[in-house]
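No gaps in the numbering here: position 63 of the sequence shown is 651 in the working numbering, and each next residue is one more.
Shown next, in structure tokens, is the structure this report addresses.
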Amino acid sequence: MHARNLNTFCDGRLLEMMKISRLIKLVLPSRPHWTKALANARRLRTSKYSSVYVRRSMTPDERRLDFELRQQAKERNNKAGRRLWVVYRGGLKDVRDLAQPPHSENL
């Protein structure tokens, strides 16, 4: 699926002193396009675009809450010594409580 973005916005100020990246907002032509983009975002981690992160559009308050939840998850994971806590659907969740994808027996 190929699509050109409809609009591009720079969100917030560029803060070089604080090493905070500027958010770039892309408006895609339809919901299936952004659903596919979000679903494939994890593939960027192992490509030459590993410093690019994709997430849904959020208000400043939602971004602040998401940041605080990620910090809490990071603290809990550091205490546990492994990754047990994640931010999932606006809340802090234990990964053991999340549904696991079914495993194929054909492997």
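Cβ atoms here follow ideal geometry from the backbone N, Cα and C, with glycine treated the same way.
Can you give the beta carbon distance from VAL642 to ALA629, rounded, assuming they're within the 8 Å contact cut?
-> With a Cβ gap of about 4 Å, VAL642 and ALA629 count as contacting.
Looking at the unbroken alpha helix (DSSP H) that takes in ASP654, where does it start and where does it end?
-> 648-668
Per DSSP, cross-strand counterpart(s) of LYS681 = VAL674
Assigned secondary structure, ALA687 (DSSP; H/G/I helix, E/B strand, else coil) | coil
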